[in-house]
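Input: a single structure, listed below in structure tokens.
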Amino acid sequence: APYASLTEIEHLVQNVCKSYRETCQLRLEELLRQRANLFSREEVSSYQRKSEWEMWERCAHRLTEAIQHVVEFAKRLSGFMELCQNDQIILLKAGAMEVVLVRMCRAYNADNHTVFFEGKYGGVELFRALGCGELIGSIFDFSHSLSALRLSEDEIALYTALVLINANRPGLQEKRKVEQLQCSLELAFHHHLCKTHRQGVLAQLPPKGRLRSLCSQHLEKLQVFQHLHPIVVQAAFPPLYKELFS
Amino acid sequence: KHRILHKLLQNGNS
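Quick note, the sequences are listed as chains Z and F, same order.
Each step along the first sequence adds one to the number in our numbering, with nothing skipped, and position 103 is 103.
Each step along the second sequence adds one to the number in our numbering, with nothing skipped, and position 1 is 247.
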């Protein structure tokens, strides 16, 4: 195994946590500090009055920004850039959205069921114009259940590294290499949880199928939207978003 | 096929 000794496992923990801190987009303290900053009733209705396509375009841009940070996270993970480029792309294509969904629990406030979006906190109603009430509800529910685990920043770092480095993604050319990296990251995560007496967290993490299902719901909704507004997607959606999802 | 992703990945390791 590439990371056999305790020192090497500890170095990997440090690498993952540092990579995450450098690419987390918004610092946790800032997200917590902003919690009192809620969208006013007028601001919420202005979001609700937007056309479906404008709101989709906005969300596609916000999601793409978040994904760019996940790409940077991946690039800094020890071993990721040593994988062949096909596998780097397979892992990011399959995992970037899942990582964004996990990261979202930091931007979610369970006290009032709001999420930080474009500078303030708002609830599900903020996204009504998208016409995807069920998907938005599922994403909020997911954030709610994950935020109940009170994951530390280091735990989110290690957990999301494992969401990304998943040797079971179809289409990998060097599956063994990804397996080795995944195995090292599992050791690192377990080691960190042991050290902080948090092993109980492992059994409470959401099943992989839950993230997969949220991602496929997003793809389904995008397909419907793209069918109705092909020109909007073609002309106004970020190229990276289209590359990953459409 | 994954032009943007390729570019982002090749764009230095920082």
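The beta carbon of each residue, even a glycine, is placed where N, CA and C say it ideally should be.
Bear in mind the structure is a predicted one, so any value in this text is a computation, not a measurement.
What Glu243 of chain Z touches in chain F, judged by beta-carbon distance under 9 Å, is Lys247, His248, Arg249, Ile250, Leu251, going in chain order. For Leu164 of chain Z against Lys221 of chain Z, the beta-carbon gap comes to about 23 Å, at or over 8 Å, which does not count as contact.
In the DSSP assignment, Gly122 of chain Z forms a beta bridge with Z:Val115.
If the five residues before and after Phe237 of chain Z are omitted, its C-beta is found closer than 6 Å to the C-beta atoms of Ala60, all from its own chain and listed in chain order. Setting aside the 5 residues that flank it on each side, Gln173 of chain Z is surrounded in the same chain by Cys84, Asn86, Asp87, each with a C-beta closer than 7 Å to its C-beta; the list follows chain order.
Within chain F, no residue has its CB atom less than 8 Å from the CB of Leu130 of chain Z, the nearest being about 24 Å off. Taking a cut-off of 8 Å on C-beta distances, the stretch 60-76 of chain Z touches the stretch 11-28 of chain Z, as three or more cross pairs fall below it.
Counting along the chain, Ala129 of chain Z sits inside no alpha helix (DSSP H), nor does DSSP assign it H or E at all. In chain order, Val201, Gln204 place their CB closer than 7 Å to the CB of Leu149 of chain Z, counting only its own chain and leaving out the 5 sequence neighbours on each side. Under the Cβ distance rule, Pro239 of chain Z counts among the residues neighbouring chain F, one pair being separated by less than 8 Å.
Around the beta carbon of Ile231 of chain Z, fewer than 16 other beta carbons lie within 10 angstroms, which makes this residue exposed. The Cβ-Cβ distance between Leu12 of chain Z and Ala157 of chain Z does not fall below 8 Å. Here the alpha carbon of Gly171 of chain Z sits roughly 38 Å from the alpha carbon of Ser51 of chain Z. Fewer than three Cβ pairs drawn from the stretch 119-127 of chain Z and the stretch 203-219 of chain Z lie within less than 8 Å of each other, which leaves the two stretches out of contact. With respect to chain F, the C-beta atom of Leu219 of chain Z has no partner C-beta closer than 8 Å. For Phe39 of chain Z, no alpha helix (DSSP H) segment is defined, and its DSSP state is neither H nor E. Pairing Leu101 of chain Z with Leu211 of chain Z gives a Cβ-Cβ distance under 8 Å. For Gln14 of chain Z, none of the residues of chain F pass the 8 Å Cβ criterion, the least Cβ distance being about 17 Å. Taking C-beta atoms under 8 Å as the contact rule, Leu214 of chain Z and Ser145 of chain Z fail to qualify, at a distance of about 12 Å. Listed along the chain, the chain F residues whose CB falls inside 7 Å of the CB of Ile89 of chain Z are His248, Leu251. Within its own chain, the residues whose Cβ lies closer than 6 Å to the Cβ of Arg128 of chain Z, once the five positions on either side in sequence are excluded, are Gln48, listed in chain order. In this chain, Lys50 of chain Z is not harboured by any alpha helix (DSSP H), its DSSP state being neither H nor E. For Leu164 of chain Z, no CB of chain F lies under 8 Å from its own CB, so it is not counted at the interface with that chain.
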